[in-house]
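In this note's numbering, the protein residues as written are 189 to 254. Even for Gly, the Cβ is constructed at its ideal location relative to N, Cα and C. Remember, predicted model here, so these are calculated numbers, not experimental data. Step one of this worksheet: look at the structure below.
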Amino acid sequence: MISEEDLRMIQYFWGEKGDIERWTSWKDKLPSILEEAPELVVAWNNYKIATRTLTTIIKGLVYEQL
Numbered sequence: 189m190i191s192e193e194d195l196r197m198i199q200y201f202w203g204e205k206g207d208i209e210r211w212t213s214w215k216d217k218l219p220s221i222l223e224e225a226p227e228l229v230v231a232w233n234n235y236k237i238a239t240r241t242l243t244t245i246i247k248g249l250v251y252e253q254l
């Protein structure tokens, strides 16, 4: 079960740190999150993929300019 405290921590680590995986309980709570809010995990994984893709594209553009 995802508690109110869990939700506050997720919100804090996303809003203040920009990385919900920095929350030390993320891995422990992941099964509950997957059960109760799978869209959160999907969105987080999509975000991580998008940031890696963007980084790769930017590096490629910079490399082309050199």
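Confirm, please, whether the CB-CB distance from residue 224 to residue 190 is below 8 Å. yes
Give me the Cα-Cα distance between residue 254 and residue 245, rounded to the nearest whole angstrom. 15 Å
Pick out whichever of 249, 247, 195 and 251 has its Cα sitting closest to the Cα of residue 220. If we check each option's Cα against that of residue 220, 195 comes out closest.
Which complete beta strand (DSSP E) runs does the stretch 208 to 234 hold, if anything under 3 residues is left out? The stretch 208 to 234 contains no whole beta strand (DSSP E) run of 3 or more residues.
Consult DSSP for residue 190 and reduce its assignment to one of helix, strand or coil. Judged by DSSP in its simplified three-state form, residue 190 adopts coil rather than helix or strand.
Proximal residues to residue 207 (C-beta, below 8 Å), its chain only, five neighbours per side dropped: 201
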